[in-house]
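Working notes for the structure below.
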Amino acid sequence: MGIGPKNYENKASDILHSLSVEEKAALCSGEDFWSLKSLDRHGIGPLMVTDGPHGLRKQKGAADHMGFNHSVPATCFPTASALAATWNTDLMSEIGRALGAECRHEGVSVLLGPGINIKRHPTCGRNFEYFSEDPYVSGKLAAALVEGLQSEGVGACVKHFAANNQETQRMVIDTLVDERTLREIYCPAFETVVKEAQPWSVMCAYNRLNGTFCSDSDYLLNKVLRQDWGFEGLVMTDWGGQNDRVEGVKAGMDLEMPGNKGVNDARIAWAVRSGQLSEADLDKTVLRILKLMLAATDRKDGTAHVDMQAHHDLARRAAEESAVLLKNDGGLLPLKAIGKIAVIGGFAETPRFQGAGSSQVNPWKLDTPLDALRTYLEPNAEVSFARGFDADTAEDDPTLIAAAVEAAQNADKVVLLAGLTARFEAEGVDRDTLALPAQVNRLVEAVTKVNPNTVVILSNGSAIEMPWINEVQAVMTLQLAGQAGANALPRILFGDVSPSGKLAETYPMAMEDCASDAHFPGEPRRVIYREGLNIGYRYFVTYDVPVQFPFGHGLSYTRFQYSDLKLHIGGAAGEAKVVAELTVTNTGNRAGAEIVQFYVRDQVCSQPRPKRELKGFHKVMLEPGESKTVRMDLPSRAFSFYDVARADWVTEDGDFDILVGASVTDIRLSGKVTLKTGNPARRPTPERPAISMSDAQFTGQGGVLIPQDKTRPFTPLSTLHELQETRLGRLLFRKVVKDANKMLGGHTDEEAIRLRDALLSSLPMRNLVTMSNGAFSPKMLDMVLLMLNGRYGAAFKRGFKG
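Throughout the sequence shown, residue numbering follows the working numbering, covering 6 to 807 in sequence.
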């Protein structure tokens, strides 16, 4: 894991003992929007942290946390949703090292990423920033990226811990999750990263978890993260995500970001002086901050040469491995690079290559699909172009479709670039549909009707509906492929590269088919995860629900044969370990890579379990006719479930199926092992996890049912949207919007305004204090709340009180 904060324990301890209480408290928040405070007398300058996770977003001028203002040029790699489709840990580590090199060149000490929240529902607006619906693949890929990043002496900040699975009301929502589901679905990815890569930092989520804000949760930060998993780094807030600063220190929440002009620092110092907070708890927090500061200070920045072209080439290679061939009837792909080829779609000229929000990168270079295809094909093929839809709005426009149909009629083959426009996938807002824009759907239907040799290329950061899927011969998703995705496209289309990506999330027929849909996004202040373990493929496979494309699905230009599965049982007494070996052969006439997936099924268990759970994967590259042995170690944890009564993971005696496949539904080989662990099992009733748990089932799995907050009287947690029920609240909202417009730096386009309003509407009143750089004081907050609640006399008295 290399040199990191843990190597500076002694030096940090020496510095700690030289600091006053006030100096310690001052270190617990940022200096400004992106920097930690300095300790000049100890040679520690201000350290910069900045957004990732798929590229560096360093802002030298006006700062914001939503990507509105300018940032330095950097390599924009494919988003996490795309990178997950590579299932390639070596590639993730390589990308991590490239990100680290760019951070070092720009003097950035910590990159805020990766984001590893589970895709509970396909319409979460931030799904493009997350890897998967599955915790195993999420954890393994994230751990590899963190290892690569930190090998360059740059810290990772893994986010958002925990159960931050929607954008709706994200800053105040109370997420109620039973203990078993929390441990089996929403925590394991974080656990894997901590145990395998020891990130320098973890970012706690905005939301409450089972009644307590994540930033105040002793259970989450001290018990689970530090005691159970052995996390050694610091915890920081998401921007403006601190609830009660003193309770946060007690809970192990170390660094508040951004800076707050000393408001909460003074509260910490006062709490120590008054006995409400022990100095020992403060010392633990400050020690962790000092260790990170020392680790970053020892690194030399800004001198290393960064080969940006090499990083661009790496981004292209990542895009090639991210592409998922969803359908290829009749072997339409790969295309031949001759004849008349019509390129259709607004994304051909204006590529959709990343999502909106804090992860938005200013690409060092940006390829466009139309230019890339022309460069690749001409003069051997004739390339025409029709826009078909507006890349920004996708508004209804029959004339654009008519022109596209004419181009398709005059072509031998059509490459149609479709997908979601930027407004559908953004931080701060969730989607309300899986549908593509109506103009895009009409375009696909019209073009394929006149030219059956049409390949649909999708740009989307999450699952979508495809009502035209049975009318199209070939469909491939590039997902959000980063700055070099356009140059990857012709290499895949025309066979230089065989597609090898596989979906790390299910594409359902409709969002109503998801078990979580009945409970998403929940009530205004509370969401209950009554679907429990029934997330993604775990639900669809267990309950035999048909889907558009299953988890793990992805076609190739070649064929792979699986054979000779052998299972060996080992491990110490009372433990269970299985080694699975098989042979994979490329039986086609092209080189290609296959992703071998290992699923486990517990035949008899004391608790209901999903029918299949991913417990291993291996990507193997094979030349035509070549065979290789694939080996996967399946430790005891691969067969266990979380037992709430024992508060531990348990592997029971009994038979387990080992299922090896090319997707969760395409199982090629299977075998059975009988494990003896000393823990007897009995058949549960019911055998499958409940789709919508009753109150008794929810509490039986360690859940706590907490009443939803009332919206009156108004409190510091009341959102600006809730305040607009009153005249004073509407006036306050207009004032906040006016101030926010300055932050936008002149970005007054419709999309920026839409995101601004969505974010501000969900902002709690308390954040006006911590994010206003002192312009809105705690005293002003008290007065405004009193007036909003009709207590004008009390507000007047508060105005004169010190």
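No residue lacks a Cβ here, since even glycine has one placed at the ideal position from N, Cα and C.
All values derive from a computational prediction rather than experimental measurement.
Alpha carbons only, please: which of the options is nearest the one belonging to residue i?
i    : options                   : result
F218 : P263, V583, A167 and R109 : A167
Y211 : A585, I758 and R530       : R530
T724 : A763, G362 and L24        : A763
A353 : R732, L371 and S18        : L371
L96  : V54, A149, H47 and A87    : A149
T94  : F133, H126 and G144       : G144
E727 : L768, A300, P140 and G235 : L768
L24  : D45, C519 and G9          : D45
D437 : R428, Q444 and V445       : R428
A596 : H573, T563 and S568       : T563
E107 : L760, G57, V461 and L786  : G57
G490 : M626, A451, F661 and A320 : A320
T459 : L722, A468 and N475       : N475
G280 : V26, M516, L32 and E326   : V26
E586 : A598, L664, S521 and G659 : L664
S521 : L773, L619 and E138       : E138
Y141 : A701, G101 and R188       : R188
Q553 : L710, A493, A468 and E599 : A468
M3   : K228, M471 and V268       : The question about residue 3 has no answer here: the residues shown for the chain are numbered 6 through 807.
N594 : P783, S561 and G621       : S561
S782 : N265, L680 and K124       : N265
A598 : W92, E36, K11 and L88     : W92
G424 : G350, Q608, P339 and S364 : G350
N215 : D744, A757 and D714       : D714
Residue i and residue j look like a contact to me (Cβ under 8 Å); what is the Cβ gap, rounded to whole Å?
i    : j    : result
H110 : V366 : With 8 Å as the limit, H110 and V366 do not qualify as a contact, their Cβ atoms being about 15 Å apart.
L439 : G360 : With a Cβ gap of about 16 Å, L439 and G360 do not count as contacting.
G238 : V207 : 7 Å
F556 : T511 : 5 Å
V163 : S114 : With 8 Å as the limit, V163 and S114 do not qualify as a contact, their Cβ atoms being about 15 Å apart.
V419 : A413 : 5 Å
I826 : A328 : With the chain represented from 6 up to 807, any question about residue 826 goes unanswered, as that position is not in the structure.
Y135 : G120 : 5 Å
V434 : W473 : About 26 Å; that fails the 8 Å criterion.
P718 : R771 : Not confirmed; about 15 Å, so no contact.
S2   : K507 : Residue 2 lies beyond the residue range present for the chain, which begins at 6 and ends at 807; the question has no answer from this structure.
When burial is assigned at 16 or more other CB atoms within 10 Å of the CB, is residue i buried or exposed?
i    : result
E755 : exposed
K42  : buried
S464 : buried
T197 : buried
H317 : buried
I406 : buried
E261 : buried
F801 : exposed
A701 : exposed
Y833 : The requested residue 833 is not part of the displayed model; the chain covers only 6 to 807.
D312 : exposed
K332 : buried
F805 : exposed
N591 : buried
A315 : exposed
G683 : exposed
A686 : buried
H75  : exposed
G362 : buried
V709 : exposed
Quick one: is residue i near chain D, going by C-beta distance under 8 Å?
i    : result
K677 : Although the question refers to chain D, the structure presented lacks it and comprises just one protein chain.
**Message:** Does the segment 526-543 come into contact with the segment 166-185, if we say contact requires no fewer than three beta-carbon pairs (one atom in each stretch) closer than 8 Å?
**Reply:** yes
**Request:** Would you be able to state if there are at least three C-beta pairs under 8 Å between the segment 76-85 and the segment 615-628?
**Result:** no
**Item:** Touching by the beta-carbon criterion (3+ pairs, under 8 Å), the segment 641-652 and the segment 622-632
**Value:** The way I'd put it, the segment 641-652 doesn't touch the segment 622-632; fewer than three beta-carbon pairs between them come closer than 8 Å.
**Item:** Contained alpha helix (DSSP H) runs [length at least 4] in the segment 725-764, N- to C-terminal order
**Value:** 725-728 and 732-748
**Message:** Assess contact between the segment 20-40 and the segment 284-294, defined as three or more Cβ pairs (one per stretch) separated by less than 8 Å. Is contact present?
**Reply:** yes
**Prompt:** So, do the segment 503-522 and the segment 378-387 have three or more beta carbon pairs nearer to each other than 8 Å?
**Reply:** With a cut-off of 8 Å, the segment 378-387 and the segment 503-522 do not count as touching, because too few Cβ pairs lie within range.
**Asked** Enumerated in chain order, which unbroken segments of the alpha helix (DSSP H) with a length of 4 residues or greater are wholly contained in the segment 471-498?
**Response** 490-498
**Message:** With three or more C-beta pairs closer than 8 Å as the rule, is the segment 633-640 touching the segment 593-605?
**Reply:** yes
**Asked** Touching or not, the segment 702-710 and the segment 177-194, by the rule of three or more beta carbon pairs under 8 Å?
**Response** The segment 702-710 makes contact with the segment 177-194: 3 or more CB pairs, one atom from each, lie closer than 8 Å.
**Message:** Contact between the segment 565-575 and the segment 531-550 is defined here as three or more beta-carbon pairs at a separation below 8 Å; is this criterion met?
**Reply:** no
**Item:** Within the segment 319-344, ranges of the alpha helix (DSSP H) (whole runs, at least 4 residues)
**Value:** Secondary structure within the segment 319-344: not one fully enclosed alpha helix (DSSP H) run of 4 or more consecutive residues is present.
**Unbroken stretches of the beta strand (DSSP E), 3 residues or longer, contained in the segment 349-406** = Listed in chain order, the complete beta strand (DSSP E) runs (minimum 3 residues) inside the segment 349-406 are 386-391.
**Request:** Just list the alpha helix (DSSP H) runs in the segment 49-128, keeping only unbroken ones of 4 residues or longer that don't cross its boundaries, in chain order.
**Result:** 85-88 and 94-110
**Request:** Run through the segment 495-573 for me and flag every whole alpha helix (DSSP H) of 4 or more residues, listed as ranges in chain order.
**Result:** 542-547
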